[in-house]
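Visitor:
Protein chains: 2
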Amino acid sequence: MWRQMAGLVLGADLGATSTRILVATVAGRRLASVTGGGGNPTTHGVQRAAVELGATVRRALDGLPADEVRAVVIGAAGRATLDDPRASRAFSDSLADVGIMARPQYVGDAEVAFCSATSVPDGTVLLAGTGAMAVQIRDRRTARASDGLGWLLGDEGSSFWIGREAVRASIAAITGTGPATVLTASVAGRLLSEPVHRSALIRAVAARPPIELAALAPLVTEAEAAGDQVAAAICEDAADRLAGSVAQVREPGERTPLVFSGSLVRTPVGRRVVQRIGGEVLTPADGVVGAAWLAVRHLRSGWTESQLAHVHAVLAAR
Amino acid sequence: MWRQMAGLVLGADLGATSTRILVATVAGRRLASVTGGGGNPTTHGVQRAAVELGATVRRALDGLPADEVRAVVIGAAGRATLDDPRASRAFSDSLADVGIMARPQYVGDAEVAFCSATSVPDGTVLLAGTGAMAVQIRDRRTARASDGLGWLLGDEGSSFWIGREAVRASIAAITGTGPATVLTASVAGRLLSEPVHRSALIRAVAARPPIELAALAPLVTEAEAAGDQVAAAICEDAADRLAGSVAQVREPGERTPLVFSGSLVRTPVGRRVVQRIGGEVLTPADGVVGAAWLAVRHLRSGWTESQLAHVHAVLAAR
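Chains as they are written, first to last, in numbering that gives the first Met the number 0: chain A, 0 to 317; chain B, 0 to 317.
What follows is the structure, encoded as structure tokens:
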């Protein structure tokens, strides 16, 4: 049947925690949707990411003709890494190994997230998970970014940021420079086997990769749900920072879609962000749809926007 | 002549960038003051710190009788590391190798800084260099600390913090989310060989050890001196945070000495901190005096405070 569809498309989203692949017909019919292990080239290195991509694509193509895949769009955070010729060769080689000869196009994860939620060309996207970034989208491309600087320089309001604030609040409570909070017990429970002590907490954090602080973020939303005022203040602060990043890349009164994607969406922080932003906020049901749809756009540049919008609707329906 | 002084004392300050040794008589007469390479056990590891201590003490004792050293006080950031029996054994072994049999006492760098500047028992000390910490001192010991959490969790207003703000301000200027600043050119000049670009700066920072951001702090004070408003705002913010850390460990209206030590003292940030704190701020002329003087106190516990204050004055006079 796909032969009648005149070719297939493949969309990929290379995340830090998962590699997502969607294979579809150019008409938008979903043929395979597969999730593999973490495969972001910035997080895991190009070689490991290329191997994960190849393995996940192979699973997605099970029973489908690889040589019919005519367009491939790969979305990844830190897209700049993929502009490196060695990186794009590694990815092309991985695809060739499974029989795909189409040359992949690379786009940012913000663009994929935006195009997963809507077929209109302009708007704003907020990505808030382990990292945090707001992006102004014009003609489905990044026009301007706010934050997205990584955990060392920014990512304000992200899970990393929230986890770090949880440790800071715990230490402040221990030393008496801040109010008591249930976070002290829950954070220490995660980090320490020894008695709770200021310098023990500092050492425990220093002994781990910094990014692991992101794993403490759920302790804050749990504490907030239990009525902890310190946790609630962290959630408020995180939401202020995320909404602030959005405000920096959104014109006053702008009526375009605002897309909100990432693990913080369905949390007390995400709900506060939506309240602050106001208006309609879209959340993509499936974050890899945008990559597959952009591949259709490449392959069918002669189609009208109305035809392409229909393909979008078909791709997004599950 | 030192034989008439009935014994010698040795004070050490194990910093990230230098190992400082002061050998003196119990009467406070300075016999040797020597600076070695970085030898902080937390920064460099215990073994390397012990080797650096041994080598620097050997130079300090040149021509002096090691077996006359009756008391040793070692000050270091991250004193908790030295509470580890393996660490204290490594340090004792290094001292024994150069002929010193006295068992060293370990104190925090805040306590050494405070006792370097004054002989009174109570007050506040602000350490602001690569890191940042304010400490309430009672009976010459740490009673309560504010910040000093390390670069990942805090050190707000430190050189690390200032350097990171310089990169953030540069990126904001590049992306148009913040005002133009001369920092963009000076920061890029340090970090990049390629053209100035948001993601190039992010990658350049991520490719280096985070603590190297501290080396960018002087660019901010240079830019401030040249009238740059963004740099001035960073200096103001840093000073607010440092003064805020002091306020957390100082009772309202407290009249005790406030000691300010570290590389930021003689900078536009340090001057702003002093303005905000008000009152008299002491700066130790020689940051290892406190360690040698605490060694005298150990050895001469029967002396009156007035006698010991006299020894302090002699030790601090250069």
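Where a beta carbon is used, it is the ideal one built from N, C-alpha and C, also for glycine.
Determine whether the Cβ of residue 247(B) lies closer than 9 Å to any Cβ atom of chain A.
Guide: Yes, residue 247(B) counts as interfacial toward chain A.
Visitor: Ignore the nearest five residues each way along the sequence and tell me which others in residue 48(A)'s own chain have a CB closer than 7 Å to its CB.
Guide: Contacts found: 13, 38, 39, 40.
Visitor: Can you tell me which of 216(A), 288(A), 146(A) puts its alpha carbon nearest to the alpha carbon of residue 266(A)?
Guide: For residue 266(A), the nearest C-alpha among the options comes from 216(A).
Visitor: Can you give the Cα-Cα distance for residue 257(A) and residue 284(A), rounded to whole angstroms?
Guide: Rounded to the nearest angstrom, the two C-alpha atoms are 14 Å apart.
Visitor: If distances are taken between C-alpha atoms only, which option among 36(A), 309(A), 315(A) comes closest to residue 287(A)?
Guide: Considering only alpha carbons, the answer is 315(A).
Visitor: So does the stretch 264-282 of chain B actually touch the stretch 110-127 of chain B, counting three or more Cβ pairs closer than 8 Å?
Guide: Cβ pair count under 8 Å is three or more, so yes.
Visitor: State buried or exposed for residue 132(A), treating a residue as buried only when at least 16 other CB atoms are found within 10 Å of its CB.
Guide: Burial call: buried.
Visitor: Run through chain B and tell me which residues come within less than 9 Å of residue 157(A), C-beta to C-beta.
Guide: Here the premise fails: no neighbours, minimum Cβ distance about 15 Å.
Visitor: By how many angstroms is the C-alpha of residue 165(B) removed from the C-alpha of residue 226(B)?
Guide: Going by the C-alpha atoms only, they are around 15 Å apart.
Visitor: Report, in whole angstroms, the separation of the C-beta atoms of residue 10(B) and residue 291(B), which I expect to be a contact under 8 Å.
Guide: Contact holds; Cβ gap of about 3 Å.
Visitor: Consider the C-beta atom of residue 259(A) and the heavy atoms of the ligand PLP; say whether any pair is separated by less than 8 Å.
Guide: Questions concerning the ligand PLP fall outside what the structure shown contains, since it holds no ligand whatsoever.
Visitor: In chain order, what residues of the stretch 201-235 of chain A put their CB closer than 9 Å to some CB of chain B?
Guide: Under the 9 Å Cβ criterion, the stretch 201-235 of chain A contributes 201, 202, 204, 205, 209, 212.
Visitor: Can you tell me whether residue 55(B) is buried or exposed? The criterion is at least 16 other CB atoms within 10 Å of its CB, across all chains shown.
Guide: The residue in question, residue 55(B), is buried, as its Cβ has 16 or more Cβ neighbours within 10 Å.
Visitor: Would you mind listing the beta strand (DSSP E) stretches within the stretch 216-266 of chain B that are 3+ residues and don't spill past its ends, in chain order?
Guide: Segments of the beta strand (DSSP E) lying fully in the stretch 216-266 of chain B: 257-260.
Visitor: With 9 Å set as the bound, which would you pick, yes or no: does the beta-carbon of residue 174(B) sit closer than that to a beta-carbon of chain A?
Guide: At least one chain A Cβ lies under 9 Å of residue 174(B).
Visitor: Between the stretch 138-163 of chain A and chain C, which residues of the former have a C-beta closer than 8 Å to a C-beta of the latter?
Guide: Included in the structure are the protein chains A and B, with no chain C among them.
Visitor: Under 9 Å, Cβ to Cβ, is there at least one residue of chain B near residue 14(A)?
Guide: It does not; no Cβ of chain B falls within 9 Å.
Visitor: At a Cβ cut of 8 Å, what residues of the stretch 166-193 of chain A count as close to chain B, listed as they run along the chain?
Guide: Correct list: 166, 167, 170, 174, 175, 176.
Visitor: Can you find a CB in chain B that lies within less than 9 Å of the CB of residue 270(A)?
Guide: So, not an interface residue.
Visitor: According to DSSP, what are the bridge partners of residue 133(A)?
Guide: Answer is 125(A), 145(A).
Visitor: Could you tell me which residues DSSP pairs with residue 70(B) in its beta bridges?
Guide: Looking at the DSSP assignment, residue 70(B) forms a beta bridge with 8(B).
Visitor: If you draw a straight line from the alpha carbon of residue 113(B) to that of residue 136(B), how long is it in whole angstroms?
Guide: So the two alpha carbons sit approximately 8 Å from each other.
Visitor: Which runs of the alpha helix (DSSP H) at least 4 residues long sit entirely within the stretch 152-192 of chain A? Give them in chain order.
Guide: Runs of the alpha helix (DSSP H) inside the stretch 152-192 of chain A: 158-174, 182-190.
Visitor: Can you tell which of 280(B), 147(B), 30(B), 25(B) has its C-alpha closest to the C-alpha of residue 240(B)?
Guide: Nearest C-alpha to residue 240(B): 147(B).
Visitor: For residue 171(A), which residues from the same chain have a beta carbon less than 7 Å from its beta carbon, with the 5 sequence-adjacent residues on both sides left out?
Guide: Result list for residue 171(A): 177, in chain order.
Visitor: Taking 8 Å as the limit between beta carbons, can you name the residues of its chain near residue 92(B), skipping five residues before and five after?
Guide: Only 49 meet the Cβ criterion.
Visitor: Looking at the structure shown, is residue 20(A) part of a helix, part of a strand, or coil, going by DSSP?
Guide: If DSSP states are grouped into helix, strand and coil, residue 20(A) belongs with the strands.
Visitor: With H, G and I counted as helix, E and B as strand and the rest as coil, what does DSSP make of residue 202(B)?
Guide: Residue 202(B): helix per DSSP, three-state reduction.
Visitor: If you compare alpha carbons, which of 60(B), 68(B), 152(B), 184(B) is closest to residue 167(A)?
Guide: The candidate whose alpha carbon is nearest that of residue 167(A) is 152(B).
Visitor: Whose C-beta lies closer than 8 Å to the C-beta of residue 210(B) among residues of the same chain, with five residues either side of it excluded?
Guide: 129, 150, 159, listed in sequence order.
Visitor: Does residue 84(B) pass the burial test, meaning 16 or more other C-beta atoms within 10 Å, or should it be called exposed?
Guide: With fewer than 16 Cβ atoms within 10 Å of its Cβ, residue 84(B) is classed as exposed.
Visitor: From residue 224(A) to residue 96(A), what does the alpha carbon distance come to, in whole angstroms?
Guide: Residue 224(A) and residue 96(A): Cα-Cα distance of roughly 49 Å.
Visitor: For residue 26(B), which three-state DSSP category applies?
Guide: Looking at residue 26(B) - three-state DSSP - the assignment turns out to be coil, as it is neither helix nor strand.
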